[in-house]
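Residue numbers -1 to 201, in our numbering, belong to the letters of the sequence shown in order.
In this text, a Cβ means the ideal position worked out from N, Cα and C, and glycines have one as well.
Note that this is a predicted model, so its numbers are computed, not measured.
Beneath this line is the structure, given in structure tokens, with notes to follow.
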Amino acid sequence: MKIICIGRNYANHAKELNNPIPKEPVIFMKPDSSLIRNNQPFFIPDFSDDVHHEVELVVKINKLGKHIAKKFAHKYYDEIGIGIDFTARDVQSKMKEKGLPWEKAKGFDGSAPLGKFLPKSTFDNMEDINFHLNLNDKAVQVGNTKDMLFSIDSIIEHVSKYFTLKIGDLIYTGTPEGVGPVKAGDRLECFIEDKKLLSFNIR
Ligand code: ZN
-1 MKIICIGRNY ANHAKELNNP IPKEPVIFMK PDSSLIRNNQ PFFIPDFSDD VHHEVELVVK
59 INKLGKHIAK KFAHKYYDEI GIGIDFTARD VQSKMKEKGL PWEKAKGFDG SAPLGKFLPK
119 STFDNMEDIN FHLNLNDKAV QVGNTKDMLF SIDSIIEHVS KYFTLKIGDL IYTGTPEGVG
179 PVKAGDRLEC FIEDKKLLSF NIR
């Protein structure tokens, strides 16, 4: 399976990092070795002094597809989950300066904690889903899918032009504003609406 991530999908997050608002989805990937499941702890890697949390809704693909039209995209997933796109911001900044790829900053081991999923039928409207991240019991990132620059269905259409989507592939759909550093001893808890689906400690 592969993990496809969307960058700069919320205008206020693009602004907080002084990035332009993209005209088409910004895409990068993480390897399967980046996943952390079952609320296992995250260990801060020794090559970064500035690892940021980015809470994101995650779509799990349930059907093989390529060149998927937006109007059919909803047939390619039936569960929505939540995860963190950990980012070594100091490493990423250096790579951005040089125009280099982001994989070392985004795809390192453990950079993709993944929580439980909810069936799509839980939601009335995919474009009005609330989610948030609590850091040490304080809400630090609060998002709603209505603020996405590219909706879930638009993302699936765009991504599948380039990459065949396979059963079990994951799409991290971008983070709202409020990203920031984590430190050893922190506790992260991720919610979709009022359901806590992911909680783990930083070591
Ligand atoms: Zn992200």
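In this structure, the C-beta of I42 stays at least 8 Å away from each heavy atom of ligand 1. For the region 77 to 137, the full-length alpha helix (DSSP H) segments reaching 4 residues or more read 87 to 96, 101 to 104 along the chain. With 16 or more other Cβ atoms from the protein chains shown falling within 10 Å of its own Cβ, G176 counts as buried. If the five residues before and after H11 are omitted, its C-beta is found closer than 6 Å to the C-beta atoms of T173, P174, E175, all from its own chain and listed in chain order. For H11, the enclosing alpha helix (DSSP H) starts and ends at 9 to 14. For ligand 1, no non-hydrogen atom lies closer than 8 Å to the CB of E101. Taking one beta carbon from each stretch, the region 157 to 164 and the region 58 to 66 have 3 or more pairs nearer than 8 Å; the two touch. At least one heavy atom of ligand 1 lies less than 8 Å from the C-beta of I4.
Nearest Cα to K193 within the set Q139, H130, R201, M124: H130.
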